[in-house]
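Numbering (my numbering), first residue to last: 230 to 347.
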């Protein structure tokens, strides 16, 4: 199996760590949230990494930047969903802090990448 170029990107590595942590954390969410908050948070977290992958595969730099901007939007969506999950008692404050740190690191790396590519 050949190494995919996106795997060399620090932003993708951070996004991958974040999405794995989100999946692990949401495994304990209530069953009634399976198609609600659990699904939405998982999709938003996955979208961060997926848009990095898709953008990296595009032929032009502006296309790549556009997908990175979409990734940042998904990271912002996750920020609110993590807050909401904590307010509803689905995430402990400790778990929230860990996830928010991972999300923040991902967002920071995305911002730096966007700035460098513009």
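Every residue, glycine too, gets a C-beta built ideally from N, C-alpha and C.
According to DSSP, is residue i part of a helix, a strand, or is it coil?
i, result
"residue 231", "coil"
"residue 314", "helix"
"residue 325", "helix"
"residue 320", "coil"
"residue 238", "coil"
Please confirm whether residue i and residue j have their CB atoms less than 8 Å apart.
i, j, result
"residue 266", "residue 314", "yes"
"residue 331", "residue 320", "no"
"residue 240", "residue 342", "yes"
"residue 270", "residue 255", "yes"
"residue 301", "residue 246", "no"
"residue 281", "residue 238", "yes"
"residue 293", "residue 346", "yes"
"residue 328", "residue 248", "no"
"residue 306", "residue 296", "no"
Which word fits residue i, buried or exposed, when buried means at least 16 other C-beta atoms lie within 10 angstroms of its C-beta?
i, result
"residue 285", "buried"
"residue 278", "buried"
"residue 258", "buried"
"residue 335", "buried"
"residue 276", "buried"
"residue 274", "buried"
### Message
For a minimum of 3 consecutive residues, which ranges assigned as the beta strand (DSSP E) are wholly contained in the region 245-307?
### Response
Uninterrupted beta strand (DSSP E) stretches at least 3 residues long and entirely within the region 245-307 do not occur.
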